Amino acid sequence: MVADRQHPPTPAVPADALVEVDDVTVLLGGRPVLRGVHAVVRAGEVVAVMGANGSGKTTLVRAVLRLLPVAAGTVRLLGSTGSRGTDWARIGYVPQRSTLNLRNATVAEVVTSGRLPHRRPLLPASRRDRQRVRESLERVGMAARRSDQMVHLSGGQQQRVLVARALAGDPELLVMDEPLAGVDAESQQAIADVLAGLVADGLTALVVLHETGPLRPLLTRALVLQDGRLVHDGPVPEVGLPGGHEHHELLGSQGDHRRVFRDPAAEEED
Amino acid sequence: MLELLGYDFMRRALLVALLTGVMAPAIGTYVVQRRLSLLGDGLGHIAIAGVGLALLTGTQPLPVAVVVAVLGAVLVELLRQHGRASGDVGLAILFYGGLAAGVLMAGITGAGAGALSQYLFGSLTSLTTTDVVVVSVLTVVVLVPAVGLSPQLFAVCADEDHARVLGLPVRLLNLLVVVLAAVAVTVSMRTVGLLLVSALMVVPVAAAQGLVRGFTAGLLSAMGIGGLVAVSGAVGSFYADVAPGALIVLLAIAVFIVSWPLSAALQRRRQRGHAVADPPLLPLPHAAAEQHLHRHGGPDCDHEPVRHGDHTDWVHDGHRHARHGDHWDEH
Chain A
1 MVADRQHPPT PAVPADALVE VDDVTVLLGG RPVLRGVHAV VRAGEVVAVM
51 GANGSGKTTL VRAVLRLLPV AAGTVRLLGS TGSRGTDWAR IGYVPQRSTL
101 NLRNATVAEV VTSGRLPHRR PLLPASRRDR QRVRESLERV GMAARRSDQM
151 VHLSGGQQQR VLVARALAGD PELLVMDEPL AGVDAESQQA IADVLAGLVA
201 DGLTALVVLH ETGPLRPLLT RALVLQDGRL VHDGPVPEVG LPGGHEHHEL
251 LGSQGDHRRV FRDPAAEEED
Chain B
271 MLELLGYDFM RRALLVALLT GVMAPAIGTY VVQRRLSLLG DGLGHIAIAG
321 VGLALLTGTQ PLPVAVVVAV LGAVLVELLR QHGRASGDVG LAILFYGGLA
371 AGVLMAGITG AGAGALSQYL FGSLTSLTTT DVVVVSVLTV VVLVPAVGLS
421 PQLFAVCADE DHARVLGLPV RLLNLLVVVL AAVAVTVSMR TVGLLLVSAL
471 MVVPVAAAQG LVRGFTAGLL SAMGIGGLVA VSGAVGSFYA DVAPGALIVL
521 LAIAVFIVSW PLSAALQRRR QRGHAVADPP LLPLPHAAAE QHLHRHGGPD
571 CDHEPVRHGD HTDWVHDGHR HARHGDHWDE H
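Sequence lines, in order, name chains A and B. If you count the first sequence from 1, position 66 lands on 66 in the working numbering, and the numbers rise without skipping. If you count the second sequence from 1, position 32 lands on 302 in the working numbering, and the numbers rise without skipping.
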């Protein structure tokens with residue numbers, strides 16, 4: 001699988017790269033879910049990771065964040081190749097909501113946990129910690145709900161709280177996994193507005209998206225995965241094509257990727 | 271009540287009841303959050319092997335049982351982290367092996383299972399001064415990390431992956447929770463006994479979670495409830511001449527039962543304050559998923575099925591979709 005490369009060697013990695021994925025293969029249960037993927041995210045970019053269900057989008061960001069081991073290739077995150085050397089305080093992560101096990105925690109408690117990279121064990125939160133939590137909640141429009149329990153919020157409100165948790169740590173790289181999935185229109189727009197403000201301030205973002213929605217104007221580039229391979233690295237594909245088959249339609253119309261996308265064996269993998 | 275404090279043995283009993291009553295729910299909060307409510311029970315079984323070993327070698331039961339239970343806890347957590355504990359069989363062998371080994375070793379000493387009964391069901395009134403010192407020291411050992419590291423432990427229990435991206439030593443913190451649980455279980459064996467200790471770790475936590483909002487408030491309330499029922503049970507057992515362990519656990523369950531309608535009323539009030547319907551979901555009204563040739567429910571399907579009204583949704587990368595005629599809809 002490792003030798004099965006379809007991409008030319010990556011050009012020299014620019015000095016301002018925050019994420020460098022070099023020929024990475026990831027196996028889950030012995031089956032390759034990423035195959036020889038090359039990708040770079042430079043400072044100031046807002047990069048979407050797109051593709052069909054099961055194409056490896058989430059696997060790619062989990063490998064970037066070292067939540068999954070890579071079978072081959074290297075992931076360089078903020079210049080370091082190992083988990084120990086990584087400066088986690090510079091990274092914000094908004095995982096899929098379904099991974100949460102929060103029961104009775106309050107909104108403020110969840111957001112406060114985002115400050116942990118800046119705090120020392122056994123010491124209480126500092127004034128600055130509390131201030132950043134307050135500002136982050138205000139930024140996503142959830143300040144009024146700070147004492148409420150997470151279980152009493154709607155899906156969209158919970159998602160905004162998770163964005164606030166990531167912001168509380170003052171990240172320069174924000175990694176989001178399907179931030180718009182199952183989120184109401186108001187919260188989608190709120191998340192887009194927050195991200196727009198952060199990007200204007202120089203934030204870099206890597207965002208897994210099923211549909212671009214209100215984030216579209218912010219995206220500078222898209223990585224499209226198909227069956228674990230990177231099949232497109234460039235402008236964001238057009239959306240809104242009939243039937244939601246945008247990836248097929250767009251890339252099919254370009255001609256060069258048609259064969260890859262119509263490979264029925266590949267699509268069985270979904 | 272005051273006359274009780276005139277007895278040395280009763281002063282020791284009340285102090286130990288208070289310490290274990292506060293300590294067990296403190297670590298129990300994390301155990302419950304990680305959905306390992308029965309872990310305490312299993313660790314209690316392993317601790318019995320330690321008690322048997324102490325009886326066999328003529329040493330102090332409490333320190334030996336603590337060491338054996340901690341070693342067992344480390345083994346349990348390593349099995350879990352390597353994904354081998356999911357079948358439960360390994361844990362069952364460890365837990366019942368511990369119980370059987372304890373009974374066997376106690377039997378070899380000639381004391382029989384009877385000698386174990388004060389550890390199985392607690393014996394607050396037979397505590398020595400050494401016991402009190404050991405329990406006090408171990409209470410500090412458990413409470414300092416359980417309360418002091420609560421932000422870190424909360425983050426790990428709430429979302430392990432996110433905790434890793436925060437740079438927290440997740441494996442170490444998970445190990446810390448089970449090791450502290452083992453210490454709490456063993457220390458509580460003189461108060462409520464190893465067979466009932468899990469109740470003292472779990473029931474006050476369950477009662478507190480319904481009554482107060484938030485993780486930290488729940489932690490502190492559970493410690494308060496635990497201390498209260500443990501001391502009340504110890505006092506009650508003196509007057510009623512019944513086993514303190516059983517009374518403590520039944521009191522804790524009584525608090526939980528009383529808290530039930532109260533917490534339901536509180537929840538209703540909190541939710542009424544925010545009785546705003548969710549705005550409609552995007553995309554609406556009919557979002558078709560991408561081309562889909564995989565057959566869900568087949569032998570090679572590892573997607574999670576979710577009942578949704580009259581059909582089944584399949585979970586993909588955090589969203590759900592369902593077959594609709596010749597295509598797939600996002601739900």
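Note that beta-carbon positions come from the ideal geometry of N, C-alpha and C, so glycine has one too. Predicted model, so just to flag it, every value in this text is computed and none were measured.
Name the chain B residues whose beta carbon is nearer than 8 angstroms to that of residue i?
| i | result |
| --- | --- |
| Thr99/A | Asp429, Asp431, His432 |
| Ser80/A | Neighbours of Ser80/A on chain B: none; closest Cβ ~12 angstroms, over 8 angstroms. |
| Thr112/A | Pro421 |
Can you pull the chain A neighbours of residue i, defined as C-beta to C-beta under 8 angstroms?
| i | result |
| --- | --- |
| Gln422/B | Leu116, Pro121 |
| Arg540/B | Asp148, Gln149, His152 |
List the endpoints of the continuous beta strand (DSSP E) containing residue i.
| i | result |
| --- | --- |
| Arg271/A | As shown, chain A starts at 1 and ends at 270. That puts residue 271/A outside it, with no answer to give. |
| Asp233/A | 229-234 |
| Glu20/A | 17-28 |
| Thr204/A | 204-208 |
| Met280/B | First-last for Met280/B: 278-303, but that is the alpha helix (DSSP H), not the beta strand (DSSP E). |
| Arg90/A | Unbroken run through Arg90/A: none, as it is neither H nor E. |
| Met150/A | Per DSSP, Met150/A belongs to no beta strand (DSSP E) and is neither H nor E. |
| Asp177/A | 173-177 |
Does the beta-carbon distance from residue i to residue j come in below 8 angstroms?
| i | j | result |
| --- | --- | --- |
| Ala339/B | Leu313/B | yes |
| Leu102/A | Ala63/A | no |
| Thr117/A | Leu436/B | Strictly speaking, residue 117/A in this sequence is Pro, with Thr absent from that position. Yes, the pair counts as a contact, with Cβ atoms nearer than the cut-off. |
| Leu364/B | Val346/B | yes |
| Val49/A | Leu225/A | yes |
| Leu206/A | Val75/A | no |
| Leu394/B | Ala283/B | yes |
| Met293/B | Thr409/B | yes |
| Leu450/B | Val426/B | no |
| Gly372/B | Val462/B | no |
| Gly51/A | Gly114/A | no |
| Ala39/A | Asp233/A | yes |
| Asp481/B | Ser533/B | Per the sequence shown, residue 481/B should be read as Leu rather than Asp. Yes. |
| Val175/A | Tyr93/A | yes |
| Leu464/B | Ala317/B | yes |
Specify, as a first and last residue, the run of the alpha helix (DSSP H) that residue i falls within.
| i | result |
| --- | --- |
| Met142/A | Looking at the DSSP string, Met142/A is not in any alpha helix (DSSP H), and its letter there is neither H nor E. |
| Asp401/B | 399-418 |
| Met50/A | Looking at the DSSP string, Met50/A is not in any alpha helix (DSSP H); the run it does join, the beta strand (DSSP E), is 46-51. |
| His315/B | 309-327 |
| Thr74/A | Thr74/A -> not in any alpha helix (DSSP H); beta strand (DSSP E) instead, spanning 72-77. |
| Ala452/B | 440-457 |
| Leu390/B | 387-391 |
Going along chain B in order, which residues have a C-beta closer than 9 angstroms to the C-beta of residue i?
| i | result |
| --- | --- |
| Glu109/A | Pro421, Phe424, Ala428, Gly484, Phe485, Thr486 |
Just the chain A side, please: which residues come within less than 9 angstroms of residue i by C-beta, in chain order?
| i | result |
| --- | --- |
| Gly494/B | Going along chain A, no residue has its Cβ under 9 angstroms from Gly494/B, so there is no contact; the nearest lies around 16 angstroms. |
Check the Cβ of residue i against every Cβ in chain B and list those closer than 7 angstroms, keeping chain order.
| i | result |
| --- | --- |
| Ile91/A | Val435 |
| Pro235/A | Neighbours of Pro235/A on chain B: none; closest Cβ ~19 angstroms, over 7 angstroms. |
| Pro179/A | The contacting residues do not exist; Pro179/A stays about 10 angstroms from chain B at best. |
Is residue i buried or exposed, if buried means 16 or more other CB atoms sit within 10 Å of its CB?
| i | result |
| --- | --- |
| Ser154/A | buried |
| Leu18/A | buried |
| Tyr277/B | exposed |
| Pro242/A | Its pLDDT being 36, under 50, Pro242/A is placed unreliably in this model, and the coordinates cannot settle the point. |
| Pro439/B | exposed |
| Asp16/A | exposed |
| Glu252/B | This structure cannot speak to residue 252/B, because chain B is shown only from 271 to 601. |
| Val70/A | buried |
| Arg305/B | exposed |
| Arg538/B | exposed |
| Gln351/B | exposed |
| Arg145/A | buried |
| Ser147/A | exposed |
| Gly29/A | exposed |
| Val340/A | Nothing about residue 340/A can be reported from this structure: the residues present for chain A run from 1 to 270 only. |
| Ala510/B | exposed |
| Ile495/B | buried |
| Val512/B | exposed |
| Thr58/A | buried |
So with CB distances below 7 angstroms, who are the chain A contacts of residue i?
| i | result |
| --- | --- |
| Gly418/B | Leu122 |
Please check if any C-beta of chain C sits within less than 8 angstroms of the C-beta of residue i.
| i | result |
| --- | --- |
| Leu464/B | Going by chain labels, chain C is absent from the structure shown, which instead holds the protein chains A and B. |
Open item on the list: If the cut-off is 8 angstroms on Cβ atoms, which residues from the region 435-455 of chain B count as contacting chain A, listed in chain order?
Closed with: Within the region 435-455 of chain B, those residues whose Cβ lies closer than 8 angstroms to any Cβ of chain A are, in chain order, Val435, Leu436, Gly437, Leu438.
Task: Residues, ordered as in the chain, of the region 211-230 of chain A that lie near chain B by beta-carbon distance below 7 angstroms - done: Within the region 211-230 of chain A, the qualifying residues are Glu211, Gly213.
- [ ] With 8 angstroms as the limit, tell me which residues of the region 195-207 of chain A have their beta carbon closer than that to any beta carbon of chain B; keep them in chain order.
- [x] Per Cβ criterion, the list is empty.
- [ ] Name, going along the chain, the residues of the region 52-77 of chain A whose beta-carbon falls closer than 8 angstroms to a beta-carbon of chain B.
- [x] For chain B, the residues of the region 52-77 of chain A that bring a beta carbon within less than 8 angstroms of one of its beta carbons are Ala52, Asn53, Gly54, Lys57, Thr58, Arg62, Leu65, Arg66, Leu67, in chain order.
- [ ] Closer than 7 angstroms, Cβ to Cβ, to anything on chain B: give me those residues from the region 24-49 of chain A, in chain order.
- [x] Correct list: empty, as no residue qualifies.
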